[in-house]
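The next block holds one structure in the form of structure tokens; read it before the comments.
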Amino acid sequence: MKASCSRTDARKVSFLPRDLHAIQSESRAEQQTQEWLSRYTVRAALESTVSEFVNGHGMRQCRYRSQDKAHVQHILTAIAVNLERIDVHLPPTPARRPRNPTALQGFLDWQHIPRPRSWRAATHPAR
């Protein structure tokens with residue numbers, strides 16, 4: 001019978017003291033009001049921006065030691081983030097028209113010789 005029992009410890013259920021429970025209930029009720037939600041919207045936006053700086057651009061640690069250089073890094077990173085955000089709202093650029101084939105490419109096409117995928121790619125394996 002003991003082999004079929006779970007090996008984890010028993011679950012412990014605890015209750016907050018009455019005064020702390022009342023404070024917690026009031027706080028949760030306040031979080032449902034429109035005023036609190038409108039204030040929290042600002043905080044959520046700021047936290048997402050800070051998260052983008054830290055996780056997306058490595059701003060948890062600065063590259064430079066002096067305060068002036070660190071400030072320049074922060075300003076340039078902020079400009080980069082703003083440009084990324086502006087780019088999302090711009091209309092997409094149309095696809096570029098492919099360039100005309102060179103004389104060599106035209107000759108290969110005329111002779112029905114297949115072109116390699118990339119002209120710069122090595123055609124022979126490295127030895």
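According to UniProt numbering, the stretch in the sequence shown is residues 1 to 127, in order.
Note that beta-carbon positions come from the ideal geometry of N, C-alpha and C, so glycine has one too.
Predicted model, so just to flag it, every value in this text is computed and none were measured.
CA-to-CA distance, Arg7 to Ala45, given in whole angstroms:
44 Å
Is there at least one non-hydrogen atom of the ligand NAD closer than 6 Å to the beta-carbon of Ser51?
Of the ligands one can find in the structure shown there are none, so the ligand NAD has no counterpart to examine.
What's the gap between the Cα of Val81 and the Cα of Arg65?
Cα-Cα distance, rounded: 22 Å.
What's the gap between the Cα of Pro98 and the Cα of Gln73?
Linking Pro98 to Gln73 through their CA atoms gives a straight-line distance of about 38 Å.
Could you say if the stretch 52-65 and the stretch 30-43 meet the contact criterion of at least three C-beta pairs nearer than 8 Å?
no
Inter-residue CB distance, Gln24 and Leu16 (contact presumed, cutoff 8 Å):
Confirmed, about 7 Å.
Unbroken alpha helix (DSSP H) run spanning Asp70, endpoints
Just to set this straight, residue 70 is Ala in the shown sequence, not Asp. Element bounds for Ala70: 67-89.
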